[in-house]
Amino acid sequence: MFPHLPEGFNAVITGANGGIGHAMLQRLLSSPQTGRVIAVSRSAIAAHHPKLDALAADITTPSGREALCSALDGQPVHLLFNAVGLLHDDSRGIQPEKRLEQLDDEAFAHVMHINAATPALLIAALKPSLQGKHPTIIASLSARVGSINDNGYGGWYSYRASKAAHNMLMKTASIELTRLNKQSIVLCLHPGTTDTSLSKPFQARIPSGKLFTADFVAKQLIDVMAKRSPEETGSFWDWAGESIEW
Numbered sequence: 014m015f016p017h018l019p020e021g022f023n024a025v026i027t028g029a030n031g032g033i034g035h036a037m038l039q040r041l042l043s044s045p046q047t048g049r050v051i052a053v054s055r056s057a058i059a060a061h062h063p064k065l066d067a068l069a070a071d072i073t074t075p076s077g078r079e080a081l082c083s084a085l086d087g088q089p090v091h092l093l094f095n096a097v098g099l100l101h102d103d104s105r106g107i108q109p110e111k112r113l114e115q116l117d118d119e120a121f122a123h124v125m126h127i128n129a130a131t132p133a134l135l136i137a138a139l140k141p142s143l144q145g146k147h148p149t150i151i152a153s154l155s156a157r158v159g160s161i162n163d164n165g166y167g168g169w170y171s172y173r174a175s176k177a178a179h180n181m182l183m184k185t186a187s188i189e190l191t192r193l194n195k196q197s198i199v200l201c202l203h204p205g206t207t208d209t210s211l212s213k214p215f216q217a218r219i220p221s222g223k224l225f226t227a228d229f230v231a232k233q234l235i236d237v238m239a240k241r242s243p244e245e246t247g248s249f250w251d252w253a254g255e256s257i258e259w
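Numbering (my numbering), first residue to last: 14 to 259.
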């Protein structure tokens, strides 16, 4: 499954009740290589497995990250997969902007907090479990629209900016973590358009064959992670294993 990781490795999945997070959880639980899996979500996870430690916590808050650290109790983390992200939120009136005049400072700040700050703060909180001499993969879901070079359509200001910021924070964290753990691999991953609640309002315009199941995406992302080496830390990849320009 992961040549870089040991047998019985410890994994942490955040956003484990979402489409991609849950599919990733199922694949990790079914692998004989996996040891303990801590699955974190805001609501309880309806799954039971000898390898599974389900944690109901909101990692976008300091208390949620503290709860995760307590659950780890200093154990090394060999795989950290972050699937937490926000594109729209009806309860807050947040939708992707089509025009500049739709920008709202509070909505912008919230999207930036969820998509950019939270993954970096998560890595910071788990730093004691990531540093050392053990191999570790830290992967966080990004999006191709966060690529500045690839932006040919405009729009979606907050989401694009948050994913670009996410990528910079992950790249910067990869440099620090290399000094603390030479076997660390930090990756930004674009899953493609996946059939989840995040993409649901925008699926009508997706070309045929370009809307993927969460299980397919989880399989593809595992393949992408499995092929990376510490020399490729701080890089940005899509679901098909193609490098994405920053």
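Ideal Cβ placement from N, Cα and C applies to all residues, glycine included.
All of these numbers come straight from a predicted model, not from anything done at the bench.
With hydrogens ignored, establish whether the beta-carbon of histidine 203 is closer than 6 Å to any heavy atom of the ligand GDP. Absence of the ligand GDP from the depicted structure is noted, as is the absence of any ligand whatsoever, leaving it without description.
Distance, Cα to Cα, threonine 73 vs leucine 93? One-based indexing of the sequence shown puts residue 73 at position 60. One-based indexing of the sequence shown puts residue 93 at position 80. Each residue's Cα considered, the two are about 15 Å apart.
From alanine 253 to phenylalanine 225, what distance separates their C-alpha atoms? Counting from one through the sequence shown, the residue named residue 253 turns up at place 240. Counting from one through the sequence shown, the residue named residue 225 turns up at place 212. Taking the straight line from one Cα to the other gives about 12 Å.
Could you give the uninterrupted runs of the beta strand (DSSP E) lying entirely in the region 40–84, keeping only those of 3 residues or more? 47–54 and 65–69
Mark arginine 241 as exposed unless 16 or more other C-beta atoms lie within 10 angstroms of its C-beta, in which case mark it buried. As a position in the sequence shown, residue 241 is number 228, starting the count at 1. With 16 or more Cβ atoms within 10 Å of its Cβ, arginine 241 is classed as buried.
Go to aspartate 103, then tell me how far its alpha helix (DSSP H) extends in each direction, as first and last residue. Along the sequence shown, read from residue 1 onward, the residue named residue 103 stands at position 90. Where aspartate 103 is concerned, there is no enclosing alpha helix (DSSP H), given that its DSSP letter is neither H nor E.
Contained alpha helix (DSSP H) runs [length at least 4] in the region 117–203, N- to C-terminal order: 118–125, 131–138, 140–143 and 170–193
Does DSSP put isoleucine 257 in a helix, a strand or coil? What you label residue 257 is simply residue 244 of the sequence shown in a count that begins at 1. In the structure shown, isoleucine 257 sits in coil (DSSP, three-state: anything other than H, G, I, E or B).
Where valine 25 sits in the DSSP three-state scheme: By 1-based counting over the sequence shown, the position of residue 25 is 12. Strand, per DSSP.
6 Å Cβ shell around threonine 27 - same chain, five flanking residues per side excluded: For the purposes of this step, residue 27 is taken as the residue at position 14 of the sequence shown. Val53, Ile72, Asn95 and Val97, listed in sequence order.
Going by C-alpha distance, which of Ala231, Val50, Ala36 and His35 is nearest lysine 64? Here residue 64 refers to the residue found at position 51 when the sequence shown is read from its first residue. Of the candidates Ala231, Val50, Ala36 and His35, the one whose C-alpha sits nearest the C-alpha of lysine 64 is Val50.
Out of Asp102, Ala80, Met181 and Ser212, point me to the one whose CA is closest to histidine 123's CA. Counting from 1 along the sequence shown, the entry for residue 123 is found at position 110. Of Asp102, Ala80, Met181 and Ser212, the residue nearest in Cα terms is Asp102.
Buried or exposed for isoleucine 188, going by 16 or more other Cβ atoms inside 10 Å? In the sequence shown, residue 188 corresponds to position 175, counting from 1. That one is exposed.
How about the region 172–180 and the region 139–152: do they share at least three Cβ pairs that are nearer than 8 Å? By the C-beta criterion, the region 172–180 is judged not to be in contact with the region 139–152, since fewer than 3 inter-stretch pairs fall below 8 Å.
If you draw a straight line from the alpha carbon of glycine 87 to that of proline 19, how long is it in whole angstroms? For the purposes of this step, residue 87 is taken as the residue at position 74 of the sequence shown. For the purposes of this step, residue 19 is taken as the residue at position 6 of the sequence shown. In a straight line, the C-alpha of glycine 87 is about 18 Å away from that of proline 19.
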